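Chemist:
Protein chains: 2
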Amino acid sequence: MRNHDSMFLTFDQLADLSRRILRGRGLSPGHAEAVTRTIVAGERDGCASHGAYRLIVCAATLATGKVVPDAEPQVTSRAPALAQVDAGGGYAQLAFERGLPMLVEKARAAGIAALAINNCVHFAALWPEIEAVVAEGLVALACTPSHAWVAPAGGTRPLFGTNPIAFGWPRPGPYPFVFDFATSAVARGEIELHRRAGKPIPIGWGVDAEGRPTTDPAAALGGAMLTFGGHKGSALSAMIELIAGPLIGDMTSAESLAADGGAGSSPIGGELIVAIDPRGFLGDAAGAHLQRAETLFAGITGQGARLPSQRRFEARAASLARGGVMLARGLYKDLLALFD
Amino acid sequence: MRNHDSMFLTFDQLADLSRRILRGRGLSPGHAEAVTRTIVAGERDGCASHGAYRLIVCAATLATGKVVPDAEPQVTSRAPALAQVDAGGGYAQLAFERGLPMLVEKARAAGIAALAINNCVHFAALWPEIEAVVAEGLVALACTPSHAWVAPAGGTRPLFGTNPIAFGWPRPGPYPFVFDFATSAVARGEIELHRRAGKPIPIGWGVDAEGRPTTDPAAALGGAMLTFGGHKGSALSAMIELIAGPLIGDMTSAESLAADGGAGSSPIGGELIVAIDPRGFLGDAAGAHLQRAETLFAGITGQGARLPSQRRFEARAASLARGGVMLARGLYKDLLALFD
């Protein structure tokens, strides 16, 4: 990427650019900071779709008026091991940051705890939140519905969201064990990219409006996406609808899409984050047992398999060594155009 | 099945047969009762591999001396929201029954709670335990490692177990929303059945000892099974190893297989069960929000798709209507032979 098509920005330069765009679009200082942190983290980790590009998505969503740009998240304790943040219709990032201390405190006190974020707008991956919980020495699980684009196994019509699930486990050294994946066969953006490129999609990614398997990306976008892993992935997706929807008093993916009303905003609704303290079951033996997890990881990498997030962590290491990110010039121009 | 190849047994007759076999093989009365309840439930629900047939597996495992037949499970509170049962080397069922009241009590008090079962021998499905938690009006999630038979995605050698994950959600009426599936592409028994029948297996179920995709069931059994859903299923399987292994101070699937030492016993180790009280986040609004979950279920069945466990619940309804189970005469003879 070190060529004329891309340019180097320090992390501070990228953060400053993001902050100015978001403030210019009306986000309050607290939201602009929180969103900027995830934008910079995404770009640093080589996640093209969750990095600087997301500023364009963010600007479009803000233009729909579906985001409360200066919402003040309200944190409430619902039970000894349950924390809740009402995001007030704002982006999820600030709500998460405000709720995190109570989640951590409750997980340490009770052994396991859950944080519900309600009434928020999503547009980031879940791994930044997972990594923030894991940085406290806790095991973390998070999930959220999205918009109803995915058919249940054996069905033909959109009902589930792409419903990501993410998990993290603390490790010695800079990088935890983390996965974060959509329960749809692929990301919706992947099908969109095939459509733009005029390329067929593999069977298994989606069905057309009549529920027939299709290799036509436009037909799949107009029909329904499919889950990964057949009926098992579909069951997981239903679980995510339930535990990050009705269980926390928030919307299912179908309700989120209906609430959007065709505005094309990012999904709104809730998110569930569960944290478990390894010291709860293990006490002072936690260190020794976490070491046995290292043996498991060595059993994965020792046979040439990759750990989840390994590519992302390699990109992060390269960005950190270089002190910033390489941004495509075309994207940089598009970002500057957001000031017009 | 109402023909000369099968015979009718009332639930009580099957329970009595199971109890006598298990007592005859040395299980204490408490263990024989607890195991019998899952055997009868499995047969009632048409789960051939987790019904009466399991008595044969159980007898073989007891013969290895790897099960403590009269273990007295010890229940301990580890934290306000964490309960733990030391199964003392006995079967998991009695340990679960002893730990359930504390799990329920903690989940109601704290909003979310976890129960670890340690040092137990597994041989049943997870859904009976899920249904017992859900019957208390709680949402439940359970998982357990097994024996190292499954390669991680991109790998070639066994490391993970078939690692089932199960989930339950309370519903009005007799049947909750429940799923329970192995994170391996198929059950190990399925590959074994293909081997016995001399039938090839589809690509994707396993690899041979050199890590090459194979359609030969014997080669897959001697090599490694694969997870469902590629790298996503593999990530989930790793999560199960971690949270129902080191997190609760118990064995990974590789450690369980090593501890077996070729005896061919059922997997030993731990199990994690998480329970969440819908009233924790929702209070008195729980009823209304659970109703929104019913809308989701109607969205699944309304397009001709099936809910997980639907076939099992249909079998249960038929068994309940008939007042018992239809047992294959060959299996009945094999069970009687256990008295020899």
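Respectively, the protein sequence lines represent chains A and X. Residues in the first sequence are numbered from -11 upward in steps of one, following our numbering. Residues in the second sequence are numbered from -11 upward in steps of one, following our numbering. Where a beta carbon is used, it is the ideal one built from N, C-alpha and C, also for glycine. Note that the coordinates shown come from a computational prediction; the quantities given were computed from them, not determined experimentally.
#1: Pick helix, strand or coil for X/G194, following the three-state DSSP scheme.
#2: Smallest Cα separation from A/N107: which of A/L129, A/V73 and A/A97?
#3: Would you list, in chain order, the members of the region 60 to 91 of chain A that have their beta-carbon closer than 8 Å to a beta-carbon of chain X?
#4: Note the first and the last residue of the continuous beta strand (DSSP E) segment covering X/C131.
#5: State the DSSP-derived secondary structure class of A/F148, mapped to helix, strand or coil.
#6: Please classify A/I189: does DSSP put it in a helix, a strand, or coil?
#7: For X/H(-8), count neighbouring Cβ atoms within 10 angstroms of its own Cβ and tell me buried if that reaches 16, exposed if not.
#8: Under 8 Å, do A/L70 and X/F269 count as touching if we go by C-beta distance?
#9: Spell out whether any CB of chain X is found under 8 Å from the CB atom of A/T202.
#10: Could you name the residues of the same chain whose beta carbon sits closer than 7 Å to that of A/H38, not counting the 5 residues immediately before and after it, in chain order?
#11: Only counting the same chain, and skipping five residues up and downstream in sequence, which positions put a Cβ closer than 7 Å to that of A/G177?
#12: Mind pulling the beta strand (DSSP E) runs of 3 or more residues that sit fully within the region 198 to 278 of chain A?
#13: Which residue from A/M90, A/I228 and A/D265 puts its Cα closest to that of X/L235?
#14: Identify, in the order they occur along the chain, each residue of the same chain with its Cβ nearer than 6 Å to the Cβ of X/G125, setting aside the five sequence neighbours on each side.
#15: So, is X/T202 buried or exposed, given that buried needs 16 or more other C-beta atoms within 10 angstroms?
#16: Tell me X/D168's beta-bridge partners as DSSP assigns them.
#17: In the DSSP output, what is X/V45 paired with across the bridge?
#18: With a threshold of 8 Å between beta carbons, is A/E178 in contact with chain X?
#19: Kindly indicate the opening and closing residues of the alpha helix (DSSP H) around A/G312.
#20: Taking only beta carbons into account, state which residues of the region 146 to 175 of chain X come closer than 7 Å to chain A, listed in chain order.
#21: Using a Cβ-Cβ distance under 8 Å, would X/T240 count as near chain A?
#22: Helix, strand or coil: which one does DSSP assign to A/A306?
#23: Which one or two residues does DSSP pair with A/M90 in a beta bridge?
#24: Any beta-carbon of chain A closer than 8 Å to the one on X/F301?
#25: Assess, as a yes-or-no matter, whether the region 38 to 50 of chain X is touched by the region 98 to 107 of chain X under the definition of 3 or more beta carbon pairs within less than 8 Å.
#26: Would you report the Cα separation of X/R(-10) and X/M314, rounded to the nearest angstrom?
#27: Compare the C-beta of A/L323 against all C-beta atoms of chain X and say whether one is closer than 8 Å.
#28: Give the DSSP-derived three-state secondary structure of A/T(-2) in the structure shown.
#29: Tell me which residue opens and which closes the beta strand (DSSP E) that A/A102 is part of.
#30: What are the residues that DSSP puts in a beta bridge with A/V73?
#31: Looking at X/A223 and A/G296, is the spacing between their C-beta atoms short of 8 Å?
#32: Would X/T52 and X/A246 qualify as a contact pair, given that the criterion is a beta-carbon distance under 8 Å?
#33: Specify, as a first and last residue, the run of the alpha helix (DSSP H) that X/V28 falls within.
#34: Can the beta-carbon of X/P61 be found less than 8 Å from the beta-carbon of X/G77?
#35: Determine whether the Cβ of X/K54 lies closer than 8 Å to any Cβ atom of chain A.
#36: Using only the heavy atoms of the ligand GTP, determine whether one of them is closer than 7 Å to the beta carbon of A/L295.
Modeler: Put simply:
#1: Position 206 of the second sequence, counted from the first residue, corresponds to residue 194 of chain X. Three-state DSSP puts X/G194 in a strand.
#2: Walking along the first sequence from the start, residue 107 of chain A turns up at place 119. If we check each option's Cα against that of A/N107, A/V73 comes out closest.
#3: R66, A67, P68, A69, L70 and Q72
#4: For this step, residue 131 of chain X is matched to residue 143 along the second sequence. Note, X/C131: beta strand (DSSP E), V127 to C131.
#5: For the purposes of this step, residue 148 of chain A is taken as the residue at position 160 of the first sequence. Strand.
#6: Within the first sequence, numbered from 1, the residue matching residue 189 of chain A stands at position 201. In the three-state reduction of the DSSP assignment, A/I189 falls in the coil class, being assigned neither a helical nor a strand state.
#7: Stepping through the second sequence from its first residue, residue -8 of chain X is reached at position 4. For X/H(-8), the number of other beta carbons within 10 angstroms of its own is below 16, and it is reported as exposed.
#8: On the first sequence, residue 70 of chain A is found 82 positions in, with the first residue counted as 1. On the second sequence, residue 269 of chain X is found 281 positions in, with the first residue counted as 1. The answer is yes: Cβ separation under 8 Å.
#9: Locating residue 202 of chain A in the first sequence gives position 214, where the first residue counts as 1. A/T202 does not count as touching chain X.
#10: On the first sequence, residue 38 of chain A is found 50 positions in, with the first residue counted as 1. Excluding sequence positions up to five before and after A/H38, its CB lies within less than 7 Å of the CB of G30, A112 and A113, all in the same chain and listed in chain order.
#11: What you label residue 177 of chain A is simply residue 189 of the first sequence in a count that begins at 1. Taken in chain order, the residues that qualify are S37.
#12: 256 to 264
#13: As a working mapping, residue 235 of chain X is identified with position 247 in the second sequence. Of the listed residues, the one whose Cα sits closest to X/L235 is A/D265.
#14: As a working note, residue 125 of chain X is residue 137 in the second sequence. Contacts found: P158.
#15: If you number the second sequence from 1, residue 202 of chain X lands on position 214. Label assigned to X/T202: buried.
#16: On the second sequence, residue 168 of chain X is found 180 positions in, with the first residue counted as 1. Note: X/D168 sits in a beta bridge opposite X/A154.
#17: As a position in the second sequence, residue 45 of chain X is number 57, starting the count at 1. Beta-bridge partners of X/V45 (DSSP): none assigned.
#18: Against the first sequence, residue 178 of chain A aligns to sequence position 190. So, not an interface residue.
#19: Taking the first sequence and counting its residues from 1, the one referred to as residue 312 of chain A is at position 324. Counting along the chain, A/G312 falls outside any alpha helix (DSSP H), though it belongs to the beta strand (DSSP E) covering G312 to A316.
#20: So the list reads L147, F155, W157, F167 and F169, given in the order they occur along the chain.
#21: Your numbering for residue 240 of chain X matches position 252 in the second sequence. Yes, contact with chain A.
#22: Translated into the one-based positions of the first sequence, residue 306 of chain A becomes position 318. Residue state for A/A306 is assigned as helix, using DSSP reduced to three classes.
#23: On the first sequence, position 102 is the one that residue 90 of chain A refers to. A/M90 is not bridged to any residue.
#24: As a first step, residue 301 of chain X must be located in the second sequence, where it is residue number 313. It does not: the Cβ of X/F301 has no partner Cβ on chain A nearer than 8 Å.
#25: no
#26: The count along the second sequence starts at 1 and reaches residue -10 of chain X at position 2. The count along the second sequence starts at 1 and reaches residue 314 of chain X at position 326. The predicted model places X/R(-10) with a pLDDT of 49, which falls under 50 and marks its position as unreliable, so this point remains unresolved.
#27: The residue given as residue 323 of chain A occupies position 335 in the first sequence. Under the Cβ criterion of 8 Å, A/L323 is not counted among the residues facing chain X.
#28: Reading the first sequence from its first residue, position 10 is the one you call residue -2 of chain A. In the structure shown, A/T(-2) sits in a strand (DSSP, three-state: E or B).
#29: By one-based count along the first sequence, residue 102 of chain A stands at place 114. That run of the beta strand (DSSP E) goes I100 to V109.
#30: What you label residue 73 of chain A is simply residue 85 of the first sequence in a count that begins at 1. The partner list for A/V73 (beta bridge, DSSP) reads A/V63 and A/I105.
#31: In the first sequence, residue 296 of chain A corresponds to position 308, counting from 1. In the second sequence, residue 223 of chain X corresponds to position 235, counting from 1. Just to set this straight, residue 296 of chain A is Pro in the shown sequence, not Gly. Against a cut-off of 8 Å, the Cβ pair of X/A223 and A/P296 comes out as a contact.
#32: Taking the second sequence and counting its residues from 1, the one referred to as residue 52 of chain X is at position 64. Taking the second sequence and counting its residues from 1, the one referred to as residue 246 of chain X is at position 258. In this structure, X/A246 does not lie closer than 8 Å to X/T52 by Cβ.
#33: On the second sequence, residue 28 of chain X is found 40 positions in, with the first residue counted as 1. P17 to R32 is the span of the alpha helix (DSSP H), which, as asked, contains X/V28.
#34: Here residue 61 of chain X refers to the residue found at position 73 when the second sequence is read from its first residue. Here residue 77 of chain X refers to the residue found at position 89 when the second sequence is read from its first residue. No.
#35: Residue 54 of chain X sits at position 66 when you count from the first residue of the second sequence. No, its Cβ sits nowhere closer than 8 Å to a Cβ of chain A.
#36: This structure lacks the ligand GTP; in fact it carries no ligand of any kind.
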